[in-house]
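Q: All letters in the sequence shown, in the order written, are residues 15 to 255 by the numbering used here.
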Amino acid sequence: MVNNIPEPEAGIKNFSLWQRLTGVIVNPRPVFLDIAERPNFIGGAIVLCAVNLLVALLCLPKLKAFTALMMEKAGPMPPEAAAFKGIVGTVTSVTAVLGGVIGPLLFWLLTAVLLLLFGYLTSKRTSFKSLYAVSVFAYVPTTIASVIQGVLIALRPAEDLKNVTTSLAMFLPAESGSLAYKVLFLVDPFGLWSLALLALGGAVALKTSFSKTAAFIFILWVIYGAVIIASPFGAKGLGGF
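(1) Name the two residues that bound the continuous alpha helix (DSSP H) containing Phe8.
(2) Locate the alpha helix (DSSP H) running through Asp48, then write down its first and last residues.
(3) The alpha helix (DSSP H) that contains Val61, what's its start and end?
(4) Quick one, are the C-beta atoms of Ala10 and Ala228 less than 8 Å apart?
(5) Which whole-angstrom value describes the C-beta separation of Gly216 and Phe151, a residue pair presumed to lie in contact below a C-beta threshold of 8 Å?
(6) What would DSSP say about Val197, mapped onto helix, strand or coil?
(7) Would Ala147 and Pro42 qualify as a contact pair, given that the criterion is a beta-carbon distance under 8 Å?
(8) Apart from the five residues just before and just after Leu198, which ones in its own chain have a Cβ nearer than 8 Å to its Cβ?
(9) Taking the alpha carbon of Leu135 as the point to measure from, which residue in Val111, Lys143, Lys226 has its own alpha carbon closest?
(10) When the distance is taken between beta carbons, is Lys78 closer than 8 Å to Thr109?
(11) Tell me the rounded alpha-carbon separation between Gln33 and Ser149.
(12) Nearest to Phe132 by alpha carbon, out of Ile242, Leu83, Leu234?
(13) Can Gly5 and Ala159 be called in contact, C-beta distance under 8 Å?
(14) State the DSSP-derived secondary structure class of Pro155, mapped to helix, strand or coil.
(15) What's the gap between the Cα of Ile60 and the Cα of Val111?
(16) Only counting the same chain, and skipping five residues up and downstream in sequence, which positions put a Cβ closer than 7 Å to that of Pro118?
(17) To the nearest angstrom, how far is it from the Cα of Phe142 to the Cα of Leu130?
(18) Using 8 Å as the threshold, is the C-beta distance between Ser219 and Ala50 below it?
(19) With a 10 Å radius around its C-beta and 16 neighbouring C-beta atoms as the bar for buried, classify Pro203 as buried or exposed.
(20) At which residues does the alpha helix (DSSP H) containing Lys226 begin and terminate?
(21) Please go through the same chain and pick out, in chain order, the residues whose beta-carbon is closer than 7 Å to the beta-carbon of Gly164, but skip the five residues on each side of it.
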């Protein structure tokens, strides 16, 4: 008798790069099935890094102005520190540009390693390339948040830069440094959306349940949140993670 039952991989659509980038937003599961089968991520990584780089360049004038403003508010500086003031603009520019490109690459590496660790803990195996590809395309909502923040930074005065966020902390002043602000800063719809996509993509790639993968990522997120809340520097990052 001929077995007409298709293999799990049968019928998986071969999505284009654009279909992957948009598909993770509107219908992510088929996209992650395709990514697990064909873990090509270079195109997606280039696009997302390019967008983040453009956002960094857009924000540079305001970042420089904000840094200069903070140095002025700090008051008189000792001679050895005053020499740094002349190059602070260059340092700000280099940091912003490198952060826009290297930041996502390191985040993808970290999350792929964590998914790989989860696979070992649950006796599930897949290639590191597949998990890295999942991390890349799960980052799309975070990139959307970066674009929104970049536009807001460009439109608002430099002194308001620290108040720009897509998290629920937008409803509180950043200067408060309160526990409520730190907690709400972690609740970023775009950041949580990316984490949900990461859990779904990881579950598809590792052929395990979404609930187990989501629970693993949620525990890590809670640990991260506890560290941020306990930190004397508070919530200073972007995107809620």
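From the three backbone atoms N, C-alpha and C, an ideal C-beta is built for every residue, glycine too.
A: Per the coordinate set shown:
(1) Past the boundaries of the shown model lies residue 8; the chain is included only from 15 to 255, so the question cannot be answered.
(2) It spans 42 to 51 - the alpha helix (DSSP H) in which Asp48 sits, taken as one unbroken run.
(3) Annotation: the continuous alpha helix (DSSP H) that includes Val61 extends over 56 to 87.
(4) No answer is possible for residue 10: it lies beyond the span of the chain, which begins at 15 and ends at 255.
(5) In fact, because the Cβ distance is near 12 Å, the residues do not count as touching under 8 Å.
(6) DSSP places Val197 in helix when its eight states are reduced to three.
(7) No, they are not a contact pair.
(8) Cβ within range, chain order: Ser181, Leu182, Ala183, Phe185, Leu186.
(9) Ranked by Cα distance from Leu135, the options Val111, Lys143, Lys226 are led by Lys226.
(10) It is not a contact, given that the beta carbons lie outside the stated cut-off.
(11) Gln33 and Ser149: Cα-Cα distance of roughly 16 Å.
(12) For Phe132, the closest of Ile242, Leu83, Leu234 by C-alpha to C-alpha distance is Leu234.
(13) Because the chain is modelled from 15 through 255, residue 5 falls outside the range shown and cannot be assessed.
(14) Pro155 falls in the helix class under three-state DSSP.
(15) Computed Cα separation, rounded: 15 Å.
(16) Cβ within range, chain order: Leu62, Cys63, Asn66, Tyr153.
(17) Phe142 and Leu130: Cα-Cα distance of roughly 7 Å.
(18) Note that residue 219 corresponds to Ala in the displayed sequence, not to Ser. Here Ala219 is near Ala50, since their CB atoms are less than 8 Å apart.
(19) Classification of Pro203: exposed, given that the 10 Å Cβ count is below 16.
(20) Its alpha helix (DSSP H) spans residues 224 to 244.
(21) Result list for Gly164: Val69, Leu72, Cys73, in chain order.
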